[in-house]
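Undergrad:
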Amino acid sequence: MTVLLAATAAALFAIGTYLVLQRKLSRIIIGIGLMTHGANVLLITSGRRGDAPIIGESNSLSDPLPQALALTAIVITFAVTTLLLALAYRSWLLTHDDEVEDDVGDRAVARGLPLAEDEENTLTTSSTSRDSAP
Amino acid sequence: MLVILAAFAVAGLLLVVLGRRLGPAAFLVAAIVPAISVVWTCAQLGAVSNGEVLSEHTSWVGGLGLSLDFRLDAMAATMTLIVSGIGVLTLVYASRYFTADTPDLGRLAGLLVLFAGAMVGVVQADHLLVLYTCWEITSVTSYLLIGNRYTDANARAAALQALLITGAGGLAMLGGFVLLGHSAGTYRLSELAAKVPTSGPTITIALVLVLLGAFTKSAQYPFHAWLPAAMAAPTPVSAYLHSAAMVKAGVYLVARLSPIFAGAAVWRPSVLAVGIVTMVVGGLRALRQQDLKLLLAFGTVSQLGFMMVLFGAGTPAMTTAGWILLVAHAMFKAALFMVVGILDRATGTRDLRYLPALDRRWRWVEVATVISVASMAGLPLALGFIAKEATYEALIDRPFAGSAFVAAVVVSGSMLTVAYAIRFWWGAFVAPRRRVKTHLTAVATPAPGLLFVGPALCLAAASIVLGVALALADRLGTAAVRSLDPSAAPVHLALWHGLSAPLALSAITVAGGLILAITDRSIQRVLLVGSTLPKGEAVYLSLLRAVGATSRRVTGIVQNGSLPIYSGVILATAAILPTATMLQKWHWPGWPSIGALDDAPIAAALVVSALGAASIRRRFSAALFLGATGYAMAGLFVVYGAPDLALTQVTVETLSTVVFVLVLRRLPDRFERQSSLQRRAVRLGIAGIVGVSVFVFAIVAAASRTATPVSEEMISRSVPDGHGRNVVNVILVDFRGLDTLGEITVLAAASIGAVALARVGHRAAAERGERDAPRPAVDHTASSSHTVVPRIVFVDVSVQVIFHVVLMASLWLLFAGHNQPGGGFVGGLLAGSAFALRYIAGGMAEVRRHARFRPWTVLGAGLLLAAAMAAFPIVRGGAVLDVASKSVTLPAFGTIAMSTAIVFDIGVYLTVVGVVLMAFEAFGDEREEVRA
């Protein structure tokens, strides 16, 4: 690990975070891609630097384990990106946009609006007076 | 005991499922199991009365120390007899109470049997957690029984109230049980006394929690409100659950624990205070009721408070009095409930202002009433009298501090009992006859049949027989007290204590009660003040509303529906928490080297392209910048000595760009909405926090390594064990092969999800009709219309040539990957790129023609092959993913060790090809016509 690469990873994470916090799905996807790159930088730099880990070719091999981890991470990111793009694609087909709007029901709760099914009715009916005047 | 409990459960469930056809006869069938329980318990009475204890122990989950422990001592036998005996009588009574046209009688009968079984379980359990489980079953069956008329909103609300209150108490009790069991080292009730410490903060908290459970279950103030509300249940249910059986569970628990914890500072004051308040307030409320059933319900609340006082004191004499009151109350209260049910059925009302006069054919009902009322009021000869005498006898000795005050309250509470007992009898039988004399409105009400009155008469008879022939009860009672408290000196019961102080107190009680009853009119005026006080129901409802409002407000804040806020909170937490932990044990390892000069261009490329991806306002360009970042990553992998990674990254980046283009061509070219400055500042803030924490983490973590990397061993074992020289590949397909299997499963799942999402979107868009169909955002792509794309000969020919070369190369990477850079992942991605070329040349049709198989077939075959290879060694008796190998010389590849790992890698290869094909399936254009 060097200061240069630590800073690079940090930059990738920070820029990725900035993008993930937006509402456009395509930006979010790009943000996640950048964060994955940052994670891979961290992974690969956690091991020793050296020649390709092929036995018999060199005496100073690089660390193969982080590479195996990063390799599967790269491929999985591809699959995840496909899935997220499918979300964006669907969102566009349905709304002509890939913006993630606030959930309507949740906003209603936050603003204190009544819900469609108000369960309180079933709770309050028991308040019939049990004490009748003499 | 376990056999009988199982019989309860089986019979109950069978009746719920099959009892529909039996009609009211279902109750008679249901009475069989409780009857067996009565007979069995009676057979054990001799032994139990001599102080013997039957116990059963069945191990359940040994590792957790959970076992099914039951024991039958005199106290448990008493309760079992009450529960089963009154159960039998109630069920017989119910068979006449309900008419054949009542719906769901089988369900009702089955639930009653289930409840009876659970209640027997509560009293026979010798394990705190078994007791808790049975306790909660009684709560649930009570909920279902109260809400029996589920079309009635009031019944449902009452049922919910009972469940919420007793359920909350039950949860608190569970917490108390765990604390008790933990500090005693045993969950066995019978061992608790010897092992548990009786003081200390843990025990205090535990006892408060357990008492909360007991108080809610036995309807003590201020948790009593559910019991009067529960009168919405059919009368047989009220007679059984809400007078004789379930509400006694809390009293029973207090009786069990009192001898152990009476010395604890929290126990006696809280039980006595709650009991006293409950007794008096319940009695006052009972005096105000016009509805006979509610009168009995508040009377039950009052009597339960009385029992709490007696058992909570923990002295042998008081406990003896409590035991006799427990038995007496079960009998007279169940009988009186039954009488109310009979009156209600025959006359259509239970309001004591409107009940009609009843003729001589009703005399047996009145006999049962008078005897039971006498027992309730504590008049001589009845069992209730013995209970009251024993109480006064015990209190006169002043066994503990404040007992004089307790005695005074008990006497006045008992006066109230006498008064409402008279009110019941007077209102039900005497007052109507007097009204007849003045108004001449006699109604010929048909008298109830034998099976209808019989149960109530039986109980009334028992109240007298046990009161007179006291010796029968005395032996069991003495044994029961000793089973609760082995050190107790026997306190014998007596009908006649001589002309003593207790008798005088009894006389005062009855006289006071009579005065209260006679001056009813002025008393009612005084009692009216009580209706202005806040009631338990009101407290319950406002509490419920407050909980609802609070949870709404919390939901509004926590679940605000905004994705950016969710991700912001998650990311900030993920950054701040570990950093805070790191700061607690802060150790700065010192700055590492600045970095190699070789890395500088790569790092610069990474950061610049990432900034580009973030700041540019065109979608395509942003995706291309992301691709550029990926290629820069590949460069980093090269300098770090990771050729496998570099290869993978390059192919993935190529494919990703293709997929991005496929999707983004549909979306608007630019990001339109600019967000406010404030929001951007927040975003920048969180991004900064994340960045800084990653930076600090990277430097500190890298310098903190103390152990040798495990990969050293992997390198040394790669050739001998894994038969491969490419260590990365050996790790993937051999050492950590199971992880890889998991990962390709994720790949498969994600790509199936992508195809499904895209198709659902297609369908939804198609349903909205052609007129409204989405227009392509960028005209020159001309994709979603029927426009025909001309085929470019140059591209076409190049692809024809390149396709097979690339496929061959991918196979070479796959097979050589075990010894040289390559492997299933890279090979699969490269093959996928070959199909991408086909798509570019001729669209989906071209991809389908050359893939031969459907994408999901390839995907599934790959996953299946890998899984089969992983599992195959098990068949041969080895471990998962054991590798067998053999050296083979192939012309193109040289000598390679053909191990089973290569088959696993083929599975990986196929899965990855499948994932790429699935991506085209999801986003590729169906309607794109291709012109030759």
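Chains A and B, in that order, give the protein sequences. Letter by letter, the first sequence follows residues 283 to 416 in our numbering. Letter by letter, the second sequence follows residues 14 to 945 in our numbering. Cβ coordinates follow ideal geometry from the N, Cα and C atoms, glycine included. None of the values given here were measured: they were computed from a predicted structure.
Residues of the stretch 316-334 of chain A in Cβ contact with chain B at a cutoff of 8 Å, in chain order, please.
TA: Under the 8 Å Cβ criterion, the stretch 316-334 of chain A contributes 316, 319, 320, 322, 323, 324, 326, 327, 328, 329, 330, 331, 332, 333, 334.
Undergrad: Between residue 640 (chain B) and the rest of its own chain, which residues show a CB-CB distance below 6 Å, the 5 nearest in sequence each way excluded?
TA: So the qualifying residues of the chain are 666, 670.
Undergrad: Using only the alpha-carbon positions, how far apart do residue 614 (chain B) and residue 763 (chain B) sit?
TA: Residue 614 (chain B) and residue 763 (chain B): Cα-Cα distance of roughly 35 Å.
Undergrad: Starting from residue 136 (chain B), follow the alpha helix (DSSP H) in both directions and report where the run begins and ends.
TA: Unbroken alpha helix (DSSP H) run through residue 136 (chain B): 118-137.
Undergrad: Please compile the residues from chain A whose C-beta is within a distance smaller than 9 Å of the C-beta of residue 612 (chain B).
TA: The answer, in chain order, is 284, 286, 287, 290.
Undergrad: Using a C-beta cutoff of 8 Å, does residue 604 (chain B) count as contacting chain A?
TA: Interface residue, yes.
Undergrad: Would you tell me roughly how many angstroms separate the C-alpha atoms of residue 301 (chain A) and residue 699 (chain B), rounded to the nearest one?
TA: Taking the straight line joining both Cα atoms gives about 11 Å.
Undergrad: Let me confirm a value: residue 887 (chain B) is counted as buried when at least 16 other C-beta atoms fall within 10 Å, else exposed. Which label applies?
TA: Exposed, since its Cβ has fewer than 16 Cβ neighbours within 10 Å.
Undergrad: Between residue 750 (chain B) and residue 917 (chain B), how many whole angstroms is the CB-CB distance? I'm expecting something under 8 Å.
TA: Residue 750 (chain B) to residue 917 (chain B), Cβ: 6 Å. Contact.
Undergrad: Tell me whether residue 261 (chain B) sits in a helix, a strand or coil according to DSSP, three-state version.
TA: Three-state result, residue 261 (chain B): helix.
Undergrad: So, helix, strand or coil for residue 1001 (chain B), using DSSP?
TA: The requested residue 1001 (chain B) is not part of the displayed model; chain B covers only 14 to 945.
Undergrad: Give, in chain order, every unbroken run of the alpha helix (DSSP H) that is at least 4 residues long and sits entirely within the stretch 695-762 of chain B.
TA: Listed in chain order, they are 724-735, 740-743.
Undergrad: Name the DSSP beta bridge partners of residue 683 (chain B), please?
TA: Answer by DSSP bridge pairing, in chain order: B:631.
Undergrad: Does DSSP put residue 10 (chain B) in a helix, in a strand, or in coil?
TA: In this structure chain B extends from 14 to 945, so residue 10 (chain B) is not present and cannot be described.
Undergrad: Does any C-beta atom of chain A lie closer than 8 Å to the C-beta of residue 594 (chain B)?
TA: Not closer than 8 Å to any Cβ of chain A, the Cβ of residue 594 (chain B) fails to qualify, so no.
Undergrad: Rounded to a whole number of angstroms, what is the C-alpha to C-alpha distance between residue 307 (chain A) and residue 563 (chain B)?
TA: Distance between the alpha carbons of residue 307 (chain A) and residue 563 (chain B): 33 Å.
Undergrad: With DSSP run on the structure shown, which of helix, strand or coil describes residue 364 (chain B)?
TA: Residue 364 (chain B): strand per DSSP, three-state reduction.
Undergrad: Tell me, please, whether the stretch 257-267 of chain B touches the stretch 221-238 of chain B by the rule of three or more beta-carbon pairs shorter than 8 Å.
TA: Contact holds: three or more Cβ-Cβ distances are below 8 Å.
Undergrad: At what residues does the alpha helix (DSSP H) containing residue 398 (chain B) begin and finish?
TA: Unbroken alpha helix (DSSP H) run through residue 398 (chain B): 396-409.
Undergrad: Determine, using beta carbons only, whether residue 341 (chain B) and residue 397 (chain B) come nearer to each other than 8 Å.
TA: Yes, the pair counts as a contact, with Cβ atoms nearer than the cut-off.
Undergrad: So that I know if they touch, is there some Cβ in chain A lying closer than 8 Å to that of residue 653 (chain B)?
TA: It does: the Cβ of residue 653 (chain B) has a partner Cβ on chain A nearer than 8 Å.
Undergrad: Tell me the DSSP secondary structure of residue 550 (chain B) in three-state form.
TA: Residue 550 (chain B): helix per DSSP, three-state reduction.
Undergrad: DSSP three-state call for residue 164 (chain B): helix, strand or coil?
TA: It is coil, neither helix nor strand.
Undergrad: Residues of chain A with a CB under 8 Å from the CB of residue 608 (chain B): which are they?
TA: The answer, in chain order, is 284, 285, 286, 287.
Undergrad: Under DSSP, the alpha helix (DSSP H) around residue 534 (chain B) begins and ends at which residues?
TA: 533-540 is the extent of the alpha helix (DSSP H) around residue 534 (chain B).
Undergrad: DSSP on residue 780 (chain B), reduced to helix/strand/coil?
TA: Reduced to three states, the DSSP call for residue 780 (chain B) is helix.
Undergrad: List the residues of chain A that residue 751 (chain B) touches, going by C-beta distances under 9 Å, in chain order.
TA: The contacting residues do not exist; residue 751 (chain B) stays about 12 Å from chain A at best.
Undergrad: Contact defined as beta carbons within less than 8 Å: I believe residue 636 (chain B) pairs with residue 767 (chain B). What is the distance between those atoms, to the nearest angstrom?
TA: Actually they are not in contact, since the Cβ atoms of residue 636 (chain B) and residue 767 (chain B) sit about 17 Å apart, beyond 8 Å.
Undergrad: Run down chain A in chain order and give the residues with a C-beta less than 8 Å from the C-beta of residue 324 (chain B).
TA: Under the 8 Å cutoff, chain A gives no residues; its nearest Cβ is about 28 Å from residue 324 (chain B).
Undergrad: Distance cutoff 8 Å, beta carbons only. Does residue 722 (chain B) sit that close to anything in chain A?
TA: Chain A contact via Cβ: present.
Undergrad: Please report how far the alpha carbon of residue 571 (chain B) lies from the alpha carbon of residue 143 (chain B), in whole angstroms.
TA: Approximately 37 Å between the Cα atoms of the pair.
Undergrad: Run through chain A and tell me which residues come within less than 8 Å of residue 161 (chain B), C-beta to C-beta.
TA: Within 8 Å Cβ-Cβ: nothing; residue 161 (chain B) doesn't reach chain A, min ~16 Å.
Undergrad: Per DSSP, what kind of secondary structure is residue 825 (chain B) in: helix, strand or coil?
TA: Three-state result, residue 825 (chain B): helix.
Undergrad: Taking one C-beta from the stretch 240-253 of chain B and one from the stretch 286-294 of chain B each time, how about it: are there three or more such pairs within less than 8 Å?
TA: In short, these stretches do not touch, since the Cβ pair count stays below three.
Undergrad: Assuming residue 137 (chain B) and residue 89 (chain B) form a contact by the criterion Cβ under 8 Å, report the distance between their Cβ atoms to the nearest whole angstrom.
TA: Residue 137 (chain B) to residue 89 (chain B), Cβ: 5 Å. Contact.
Undergrad: Buried or exposed: residue 54 (chain B), going by 16 or more other Cβ atoms within 10 Å of its Cβ?
TA: Answer is buried; the Cβ neighbour count reaches 16.
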